[in-house]
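Visitor: Counting from 311, one number per residue, gives the positions in the sequence shown under our numbering.
Sharing a structure with you now.
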Amino acid sequence: MTNATEGPAFRYTPGLANEIEQKWQRYWRDNGTFNAPNPVGDLATGEQLPADKLNVQDMFPYPSGAGLHVGHPLGYIATDVFARYNRMLGKNVLHTLGYDAFGLPAEQYAIQTGTHPRTTTEANIANMTRQLDSLGLGHDRRRAVATTDPEFYRWTQWIFLQIYNAWFDEEQQKARPIEDLVRDLMTGARTTKDGRNFRDLTTAEKHAAIDEFRLVYLSDSMVNWCPGLGTVLANEEVTADGRSERGNFPVFRKRLRQWIMRITAYSDRLLDDLELLDWPEKVKSMQRNWIGRSRGAEVSFASPAGPITVFTTRPDTLFGASYVVLAPEHELVVALTADSYPDNTNSAWTYGASTPAEAVAAYKRAIAAKSDVERQENKEKTGVFLGSYATNPVNGEKVPVFIADYVLTGYGTGAIMAVPAHDERDYEFAQVFGLPITPVLDSDVSDQAFTGDAPHINSANEEGLDVNGMGKDAAIEASISWLVAHCHGEEKIQYKLRDWLFARQRYWGEPFPIVYDENGQAHSLPEDMLPVELPQVEDYNPVSFDPNDADSEPAPPLAKATDWVEVTLDLGEGEKTYYRDTNVMPQWAGSSWYQLRYIDPTNDEEFCALDNERYWTGPRGENDPGGVDLYVGGVEHAVLHLLYARFWHKVLFDLGFVTSREPYRRLYNQGYIQAYAYTDSRGVYVPAAEVVERDGKYFYKGQEVTQEYGKMGKSLKNAVAPDEIGRDYGADTLRVYEMSMGPLDTSRPWATKDVVGAHRFLQRLWRLVVNEETGELRVEDAELTDEDAKALHRTIAGVREDYENLRDNTVVAKLIEYVNYLTKTYSGPVPRDAVVPLVQMVSPLAPHVAEELWSRLGNPDTLTFEPFPEFDESLLVDDTVEIPVQINGKVKARVDVPTDADKDTIEAAALADARVSQLVAGKNVVKTIVVPGRMVNLVVK
């Protein structure tokens, strides 16, 4: 019986696919199929766990109100395929997915609508969970977490306190509890940062001395203040043109008191341990460049305000230093700003002002909106002379002191010695301001900076420093030795990495577990007071500002919750009034440790039991750093999230809370799904789904539009929802299509019209097992032919290797080839031994249809844990090989011969071929050329 619209009654149609998928998703959910047991804790089953395990993880998604488009699941499907394959290898697999749910979008939506961010966030999480579940992802849902759950951020706050109550021991190169430091200070084994005896200090001074060591500290530092968003931003959240990445508002440099994390203490370990990680080299390079370790010297230039300390990687070029530049925010700027300009000061140096003070004030206003990136990359060199001079220590020359925006207070000392003959930025600045350009490297270059290596010239003094004729390395060593001997400097290792600004002026984030006393002294809360929950508020707005008001001051939304801010507590000195911190943590906080909570999500006693952590992420050998076995996500997180997570993890390792040195042992960056987008005559994007093509042109509502190609997303209006594809073709079809589109680590174009190809493959697979007309099985208990066995075992071997190496696109290709082989070979029943392993091989890719076929083949249990098929090595090698037969250089026939056939055997087989014997009949074979395994050529006359 057939259906007029859908064909045979038992055909694998989208409707049947949807029924099957809902059926098996219910089965997996009801039976806890993907629940991975832990060694200890609430999730333990008491059974003996496999020693072989796999911890596979996707990067934490943000639950957007727009939901998923088909580009989002690319990595999720790939990790699910990998996890399912490894379950079939007998491994205990931990695979789940939670939500990085704190963030500015929910807060901005709350501001616009009055809807509480939690309401919005939970609705978004519910929708995204529904979409993910519809894809058949084998997640252990018991382990899913959201950073916004108080049960989760209790432990985020707890980890913050562990870092706050720790210090970095330079000698041991590790974090230690602050109690160890206090003990050393009290016994005199260690002094304060400024060398004072700790026991002689007042209580307030002792607090301050301890705070100088903490891994989390309060600092009056230069920050990126965004009035339009009402919050401070990290450098990485500011675009190159000095605007907020979110909202495109102006960002201003401003000095504020903020929480800072001392990530720089871990610079060397963050760099050196990259060698232990199985990560893409591109990501490692990005982290190396971000940390930016370099060796050089700190050099002192004497000045009227005291020594100006500069850091340079090229102390060998000091003789060419003709001026000094300070960052405009440098602490010595005020002291070095003279009352008036010296006589004959170049007018280009004064910024059009009559006094240095006026020039400095005007200049600071002019650069306030520039980001660090913009300041460094700005080609137009600007600056202001302070009216003061400093002394070059190697030659005693007086050099002018400037401020300029291309020098940053966050890198080095915030001051540079300028050598314009051998630095491009210094050269450009010197050209603009008419400053001396003195070469100290011997080259023929005179119209630009020479930045190569050459023998030194003009580089000797009467006090024993002479590097003339030396190369770079020798001159650096000699210069550092002279500076140290004459007390003008010291050798120094410097880093680009800055400490982590760890506070935001928002509502929707983790509150700090810190309170302040009447003197403003910070106190950490005891663990039994965690979590510090966000209060319910009526108004989520920060105090509003003009986006262009650089002089505005942050006023966080939480400052309005006065009943919450002011609290009476007993922290060991009796009940006192304290004040909560009204900032919140940045969104990076929860994602810096969430992989550990996946391991032990319901543990109320600790954030993660050590035995569970050791089982799932512990090291497996002497040089193994431990961590998640496979971490899949976009390369855009190469620096921020991954660097922050590594820092938090290393502190936890030092303090004994984890056995692994790194959070992620192996990293894989997936590509993106891209799609065509369309803009109208105004340059405004129009819905791609509503664009029609006519005669090679594109039209939206009758108006011609322009086609372009880009990343799929809401902003380009070219997103395709997975719900639609699932409805029209089935989730298995979507899974197969996305995995077949190309290598996982490359971007690929989406084409809805091509999805049908994946669906047809699954239909052919279905037809091998199920009769479309009757619904009965089409398999029989028949032995495989030699050709069948070869085709099967070669498929198994190739598929196993490809699954192992995340080459799912070639898995699909091999499975299609095998399905096509069976379809051509068998018009009637197919041998059971040919299709059973096929269904098993398909299972990781298309689990719903595989489960259904497995069940119909008479198996009562889920396919999830069935052993993956093995292959016979002997069947991977051909017994025979096809040899082309040429006659006078032209191929006329082909013959099969044993793979080890000698020349005589090959020649005899060629001459015995009916087609060849016919062509050479009546002719003389004057020469036979045989290349074993390749060809035979008969030369005839």
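Cβ coordinates follow ideal geometry from the N, Cα and C atoms, glycine included.
Only a predicted model underlies this, so the values are computations on that prediction, with no experimental measurement involved.
#1: Which residue or residues does DSSP assign as beta-bridge partners of Thr701?
#2: Which first and last residues belong to the beta strand (DSSP E) in which Leu476 is found?
#3: Short of 6 Å in beta carbon distance, which residues of its chain neighbour Val747, apart from the five on each side in sequence? Order them along the chain.
#4: Quick one, which of Val492, Ala361, Arg336 and Gly540 has its alpha-carbon nearest Glu417's?
#5: Distance, Cα to Cα, Leu353 vs Arg1045?
#6: Can you name the residues that DSSP bridges to Tyr986?
#7: Between which residues of its own chain and Phe621 is the CB-CB distance below 7 Å, once the five residues before and five after are set aside?
#8: Report the option in Gly799, Tyr322, Val1201 and Val350 whose CA atom is closest to the CA atom of Trp926.
#9: Taking the alpha helix (DSSP H) that Phe963 belongs to, which residues open and close that run?
#10: Quick one: Cα of Gly928 to Cα of Val403, how far?
#11: Inspect the beta-carbon positions of Val1207 and Thr1215 and report whether they are closer than 8 Å.
#12: Thinking C-alpha only, which one of Pro617, Asp510 and Ala346 is nearest Cys797?
#13: When you compare the CB positions of Gly1243 and Val1191, do they come within less than 8 Å of one another, or not?
#14: Measure the beta-carbon distance from Trp874 to Leu950 and round it to whole angstroms, keeping in mind my assumption that it falls under 8 Å.
#15: Taking all protein chains shown into account, do 16 or more other C-beta atoms lie within 10 angstroms of the C-beta of Ala1218, making it buried, or fewer, making it exposed?
#16: What number of angstroms, rounded off, separates the C-alpha of Leu364 from the C-alpha of Val1152?
#17: Could you give the distance in angstroms between the alpha-carbon of Thr497 and the alpha-carbon of Asp880?
#18: Alpha helix (DSSP H) containing Ala676: first to last residue?
#19: I'd like the list of long-range same chain contacts for Lys1233, defined as Cβ closer than 7 Å, with 5 residues on each side in sequence excluded.
#20: Contact check, His405 vs Asp362 under 8 Å by CB: the rounded distance?
#21: Could you check whether the stretch 1104-1112 touches the stretch 1174-1189, counting it as contact only if at least three pairs of C-beta atoms, one from each stretch, sit closer than 8 Å?
#22: Starting from Ala725, follow the alpha helix (DSSP H) in both directions and report where the run begins and ends.
#23: How is Val1030 classed by DSSP in three states: helix, strand or coil?
#24: Drop a sphere of 10 angstroms on the beta-carbon of Arg1077, count the other beta-carbons inside from all chains shown, and report buried for 16 or more, exposed for fewer.
#25: In terms of residue numbering, what span does the alpha helix (DSSP H) encompassing Ile1216 cover?
#26: Roughly how many angstroms lie between the CA atoms of Pro997 and Ala987, to the nearest whole one?
#27: Over what stretch of residues does the alpha helix (DSSP H) that includes Ala436 continue unbroken?
#28: Can you tell me which of the three DSSP states Ser756 falls into?
#29: Based on Cα-Cα distance, which residue from Val842, Thr512, Gln980 and Ile387 lies nearest to Gln441?
#30: Need the endpoints of the alpha helix (DSSP H) that Gln980 sits in, please.
#31: Considering only the alpha carbon of each residue, which of Tyr716, Asn1115 and Asp809 lies closest to Val634?
#32: Glu522 to Ala575, Cα distance in whole Å?
#33: Distance, Cα to Cα, Phe611 vs Thr701?
#34: Assuming Pro1177 and Gly400 are in contact, meaning their beta carbons sit under 8 Å apart, how far apart are those beta carbons, in whole angstroms?
#35: For the alpha helix (DSSP H) holding Ile421, just list the boundary residues, first then last.
#36: Count the CB pairs spanning the stretch 541-558 and the stretch 579-588 that are closer than 8 Å, and state whether there are at least three.
Guide: Short version:
#1: Paired residue(s): Ala612 and Lys708.
#2: The displayed chain sequence assigns Ala, not Leu, to residue 476. First-last of the beta strand (DSSP E) with Ala476: Ala476 to Asp479.
#3: Sequence inspection shows Ile at residue 747; the Val mentioned does not correspond to that position. The beta carbon of Ile747 is closer than 6 Å to those of Pro730, Ala731 and Ala740 in its chain, skipping five residues each way along the sequence.
#4: For Glu417, the nearest C-alpha among the options comes from Gly540.
#5: Its pLDDT being 48, under 50, Leu353 is placed unreliably in this model, and the value from its coordinates should be taken loosely. Taking the straight line joining both Cα atoms gives about 30 Å.
#6: Tyr1019.
#7: If we look at Phe621 and ignore the five residues flanking it on each side, its Cβ neighbours are Gly606, Glu608, Gly722, Thr723, Lys802 and Gln804.
#8: Checking every option, the nearest Cα to that of Trp926 belongs to Val350.
#9: Under the DSSP assignment, Phe963 falls in the alpha helix (DSSP H) whose first and last residues are Leu950 to Asp964.
#10: Approximately 15 Å, taken between the alpha carbons.
#11: Yes.
#12: The option with the nearest alpha carbon to Cys797 is Pro617.
#13: With respect to Val1191, Gly1243 sits close: the two C-beta atoms are nearer than 8 Å.
#14: Rounded, the Cβ-Cβ distance is 30 Å, inconsistent with contact.
#15: Exposed is the call here.
#16: Each residue's alpha carbon lies about 20 Å from the other.
#17: Between Thr497 and Asp880, the C-alpha separation is close to 29 Å.
#18: For Ala676, the enclosing alpha helix (DSSP H) has its first and last residue at Pro666 to Ile677.
#19: Result list for Lys1233: Val1250 and Lys1251, in chain order.
#20: By a beta-carbon distance limit of 8 Å, His405 does not contact Asp362. Their separation comes to about 15 Å.
#21: Segments in contact, yes.
#22: Per DSSP, Ala725 belongs to no alpha helix (DSSP H); it is in the beta strand (DSSP E), Ala725 to Ala728.
#23: DSSP places Val1030 in coil when its eight states are reduced to three.
#24: Arg1077 comes out buried.
#25: Start and end: Lys1213 to Ala1222.
#26: Near 8 Å, if we compare the C-alpha coordinates of Ala987 and Pro997.
#27: DSSP places Ala436 in the uninterrupted alpha helix (DSSP H) bounded by Pro427 to Ser444.
#28: It is coil, neither helix nor strand.
#29: Out of Val842, Thr512, Gln980 and Ile387, Ile387 has the C-alpha closest to the C-alpha of Gln441.
#30: Note, Gln980: premise wrong, no alpha helix (DSSP H); not H, not E.
#31: The residue with the shortest Cα to Cα distance from Val634 is Tyr716.
#32: The alpha-carbon separation between Glu522 and Ala575 amounts to approximately 13 Å.
#33: Roughly 5 Å between the two C-alpha positions.
#34: At roughly 7 Å, the Cβ-Cβ gap stays under 8 Å, so Pro1177 and Gly400 are in contact.
#35: Its alpha helix (DSSP H) spans residues Leu414 to Thr423.
#36: Contact fails between the stretch 541-558 and the stretch 579-588, because fewer than three Cβ pairs, one in each stretch, are under 8 Å apart.
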